[in-house]
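Scroll down for the structure; my scribbles are underneath it.
Number of protein chains: 2
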Amino acid sequence: MLKFNKETYLKNAKLTYETRDIIEKVADEISDEGYKNIFFISVGGSIAIMWPIQEILKQITDIPVYSEQAAEVVLTGHKQLSKDSIVIMASKSGDTKETLEAAKWCNKNGYRVVSLVGTPGAPLESLSKWAIPNKALNGVEFEYMQLFMLIFKLLANRNEFPNYEKFATQLEGLPKNLLEAKQKFDPIADEIAEKYHDEPYNIWVGDGEMWGEVYLFSMCILEEMQWVRTKSVSSSEFFHGTLELVEKGVPVFLVKGEGYRRKIDDRVERFCRQYTDKLVVIDTKDYELKGIDDEFRWILAPTISTALLVDRLARHYEKHTGHDLDIRRYYRQFDY
Amino acid sequence: MLKFNKETYLKNAKLTYETRDIIEKVADEISDEGYKNIFFISVGGSIAIMWPIQEILKQITDIPVYSEQAAEVVLTGHKQLSKDSIVIMASKSGDTKETLEAAKWCNKNGYRVVSLVGTPGAPLESLSKWAIPNKALNGVEFEYMQLFMLIFKLLANRNEFPNYEKFATQLEGLPKNLLEAKQKFDPIADEIAEKYHDEPYNIWVGDGEMWGEVYLFSMCILEEMQWVRTKSVSSSEFFHGTLELVEKGVPVFLVKGEGYRRKIDDRVERFCRQYTDKLVVIDTKDYELKGIDDEFRWILAPTISTALLVDRLARHYEKHTGHDLDIRRYYRQFDY
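Going down the list, the sequences are from chains L and B. The first sequence begins at 1 in the UniProt record's numbering and counts up by one. The second sequence begins at 1 in the UniProt record's numbering and counts up by one.
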């Protein structure tokens with residue numbers, strides 16, 4: 001596969017899964033201390049992968065869950081955020097400006113922070129009551145795995161996720177499945193990127209636990225790393241404005257999930273099949289998860305799409321646009 | 001002013017303000033019955049104007065506030081939504097498919113619905129425990145006024161909005177101010193529309209209590225009614241992807257509010273002034289609210305922007321594109 005090292009990937013998977021003990025210990029400590037609600041606070045791609053979890057949690061826990069932009073919450077506060085809250089943060093670099101400021105602000109106010117930190121010794125680590133090392137070099141799926149273990153262990157401790165032990169054990173086999181998904185998708189990614197890399201405008205659609213994926217790929221990859229123009233919209237909201245822009249020649253990318261909201265994705269698909277000749281459907285159902293129970297598939301669906309998109313499709317866009325994924329005009333290039 | 005009737009506008013204002021007694025009675029009844037949390041449930045433009053209120057409420061009430069897409073919540077449910085919740089809905093037509101289904105679903109589950117219904121006798125009315133007539137023919141600002149009276153009277157009853165009486169009394173003078181704002185903005189709207197109506201791609205930015213405004217205008221007006229391609233992004237998230245698309249020749253429309261997050265809008269403005277020659281700033285601070293205390297301005301800012309954008313700027317786009325605002329390809333044209 002293009003720019004992909006299988007051994008590195010499986011090593012990253014191992015390094016991630018090895019943090020299970022640390023994560024469960026953190027979850028147990030948080031459970032012992034008690035908490036009234038959960039706040040996800042981060043920015044960009046890091047908050048985007050927390051949204052699917054927030055969507056999932058709506059359906060399975062009595063604990064209120066909120067998500068806030070790091071740059072905003074420090075200015076406004078939030079009446080539900082208190083010393084009884086648990087704040088979950090993540091930063092791959094561990095020094096994302098807005099997230100760091102929010103972590104400092106949390107500390108000042110006595111809010112307990114648990115964070116996923118991608119860089120050992122990064123500033124976010126020392127600002128967190130609990131820091132979980134995110135050792136994998138890259139791969140958003142590995143961040144999902146850690147967040148899942150943290151969140152579902154917390155829920156298991158409240159008897160809201162009784163199959164946690166089975167879930168966490170089966171999770172070890174997820175990366176191998178994702179590797180196979182990548183292999184299956186790689187030629188498809190090449191075709192998609194070849195056909196669409198030069199489009200002047202692209203609509204990306206997905207819903208619920210897949211919305212963060214659509215948001216992340218269109219903004220943090222296509223816009224930030226490829227300077228490709230996108231509009232992302234949830235499947236439900238697609239029908240309240242954006243649909244009017246669909247016509248022959250307009251590319252629509254639909255990311256279908258496996259939860260209850262899939263019904264709305266189906267409606268988007270039916271509509272777009274009729275009105276554009278450039279519909280691309282990324283359906284996680286097309287990819288097997290061997291050794292993993294079907295009951296967990298809707299939860300794991302975002303890990304499949306992220307493996308396909310953020311890794312494979314991004315690489316093939318890079319190949320066809322000739323635009324290195326690491327090149328930025330502005331972001332982290334200087335102060336602004 | 002283009003396609004604007006001053007007398008009709010002031011009559012709509014009067015019809016709206018006359019519902020104050022009804023609204024306060026509803027708020028008092030809800031307060032007497034008691035409630036554990038508030039759910040905003042709607043779609044499209046109707047949910048978009050609830051988001052600013054949700055953002056405002058984060059800062060001033062201990063009551064948890066959630067917002068859900070009508071089409072989604074009926075499929076997934078929500079663990080915080082119960083008979084102890086108050087569900088707030090709105091529909092101008094009173095027969096929006098997704099909202100109606102959600103109202104039916106709420107009824108079936110025993111959730112109490114209070115709704116703003118724009119059409120007397122519309123199906124949503126009979127599905128609501130409390131229906132507030134939204135008598136104004138048009139004008140999103142009038143819907144805001146009704147929602148503000150409902151919400152802040154609820155808060156006043158909890159001693160969380162002690163200046164409610166002054167707020168509601170001063171609200172009567174809002175439409176006259178908005179009328180003057182429209183008059184001041186009308187030639188500016190003409191200039192903006194003339195210059196930008198044919199742009200192939202437009203970035204719209206705003207944050208917090210202005211985000212719903214940015215979302216609504218770009219999706220429900222420019223996309224739905226003008227078939228103009230947009231990307232809308234919050235001011236905080238602008239810096240995590242979309243900024244890379246800014247360069248000379250790319251139009252960026254920034255809607256600045258007056259709350260704490262204005263600091264982030266300022267950052268967007270500083271950035272864009274440097275990197276595009278097509279920055280348009282819509283700043284509610286440029287418009288007076290005579291007879292209204294400054295402490296209420298950050299709350300009322302979305303009513304100013306909506307008066308400028310949804311009414312004035314939309315009309316001038318229509319003039320320059322020659323595309324009637326009422327023409328749709330698909331929406332409500334047939335089943336899909």
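Here a beta-carbon is modelled for each residue, glycine too, at the ideal position from N, C-alpha and C. Bear in mind that the values here come from a model prediction, so they are computed numbers and not experimental data.
Might you give, ordered along the chain, the residues of its own chain that have their beta carbon closer than 8 Å to the beta carbon of residue i, omitting 5 neighbours on each side?
{"i": "L/I132", "result": "T19, I22, I23, V26, V114, S115, L116, V117, Q146, L150"}
{"i": "L/Q170", "result": "G291, I292, D293, F296"}
{"i": "B/S236", "result": "D207, R261, I264"}
{"i": "B/K11", "result": "none"}
{"i": "L/K162", "result": "In the sequence as presented, Lys is not what sits at residue 162 of chain L; that position holds Pro. Once the five neighbours on either side are set aside, the close Cβ partners of L/P162 are A156."}
{"i": "B/Y35", "result": "I63, D84, S85, I86, R112"}
Measure the Cβ-Cβ separation of residue i and residue j and say whether it is below 9 Å.
{"i": "B/I264", "j": "L/A71", "result": "yes"}
{"i": "B/L216", "j": "B/V280", "result": "no"}
{"i": "B/R270", "j": "L/Y336", "result": "yes"}
{"i": "B/T119", "j": "B/I41", "result": "no"}
{"i": "L/K153", "j": "L/D28", "result": "yes"}
{"i": "B/M89", "j": "B/S126", "result": "no"}
{"i": "B/K256", "j": "B/T242", "result": "no"}
{"i": "B/A13", "j": "B/K166", "result": "no"}
{"i": "B/L174", "j": "B/Y164", "result": "no"}
{"i": "B/E141", "j": "B/M225", "result": "no"}
{"i": "L/Y9", "j": "L/E172", "result": "no"}
{"i": "L/L179", "j": "L/K6", "result": "yes"}
{"i": "L/Q59", "j": "B/K195", "result": "no"}
{"i": "B/K278", "j": "B/E199", "result": "yes"}
{"i": "B/E213", "j": "B/T61", "result": "no"}
{"i": "L/Y66", "j": "L/N37", "result": "yes"}
{"i": "B/Y111", "j": "B/L81", "result": "yes"}
Give the residues of chain B in contact with residue i, contact being defined as C-beta atoms less than 9 Å apart.
{"i": "L/S236", "result": "V43, Q69, A70, A71, E72, E98"}
{"i": "L/E224", "result": "H240, G241, T242, L243, E244, L245"}
Find the residues of chain B that neighbour residue i, judging by a C-beta separation of less than 8 Å, and give them in chain order.
{"i": "L/G208", "result": "E72, T76"}
Give the interface partners of residue i over in chain L, defined as CB-CB distance under 7 Å, in chain order.
{"i": "B/R329", "result": "E244"}
Got a sec: does the ligand SAH put a non-hydrogen atom nearer than 8 Å to the Cβ of residue i?
{"i": "L/R329", "result": "Although the ligand SAH was asked about, the structure shown includes no ligands whatsoever."}
Measure from the C-beta of residue i to each C-beta in chain L and report whether the shortest distance is under 9 Å.
{"i": "B/P251", "result": "no"}
{"i": "B/T230", "result": "yes"}
{"i": "B/P64", "result": "yes"}
{"i": "B/M219", "result": "yes"}
{"i": "B/W227", "result": "yes"}
{"i": "B/V113", "result": "no"}
Mind pulling the chain L residues with CB within less than 8 Å of residue i?
{"i": "B/Q59", "result": "T76, G77, H78, K79"}
Leaving out five residues before and five after residue i in sequence, what residues of the same chain have Cβ atoms less than 7 Å from its Cβ?
{"i": "L/G44", "result": "C220"}
{"i": "B/Q183", "result": "M1"}
{"i": "B/A227", "result": "For the record, residue 227 of chain B in the displayed sequence is Trp; it is not Ala. Closer than 7 Å at Cβ, skipping near neighbours: H323."}
{"i": "B/E143", "result": "I49, A90, L116, N134"}
{"i": "B/Y275", "result": "V246, E247"}
{"i": "B/G94", "result": "V117, G118, T119, A122, P123, L124, E125"}
At least one CB of chain B closer than 9 Å to the CB of residue i: is that the case?
{"i": "L/C106", "result": "no"}
{"i": "L/Y336", "result": "yes"}
{"i": "L/E55", "result": "yes"}
{"i": "L/V205", "result": "no"}
{"i": "L/V233", "result": "yes"}
Report all residues from its chain with a CB closer than 6 Å to the CB of residue i; omit the five preceding and five following residues, and keep chain order.
{"i": "B/N157", "result": "S31"}
{"i": "B/F238", "result": "V205, V268"}
{"i": "B/T303", "result": "E141, Y144"}
{"i": "B/G139", "result": "N12"}
{"i": "B/I188", "result": "none"}
Taking only beta-carbon positions, decide if residue i is within less than 9 Å of chain C.
{"i": "B/A27", "result": "This model lacks chain C altogether; the protein chains it does include are L and B."}
Inset, instruction - Quick one: which residues of the region 257-278 of chain L get their C-beta closer than 8 Å to a C-beta of chain B? List them in chain order. - result: So the close ones are G259, Y260, R261, K263, I264, R267, R270, F271, Q274, Y275.
Inset, instruction - Determine which residues of the region 28-45 of chain L have a Cβ less than 9 Å from any Cβ of chain B, and write them out in chain order. - result: N37, V43, G44, G45
Legend entry - Near-chain B residues of the region 189-202 of chain L - C-beta to any C-beta below 7 Å: P200, Y201
Inset, instruction - Below 9 Å between beta carbons is the criterion; list the residues of the region 282-310 of chain L that meet it against any residue of chain B, in chain order. - result: Going along the region 282-310 of chain L in chain order, one finds no residue with a Cβ nearer than 9 Å to chain B.
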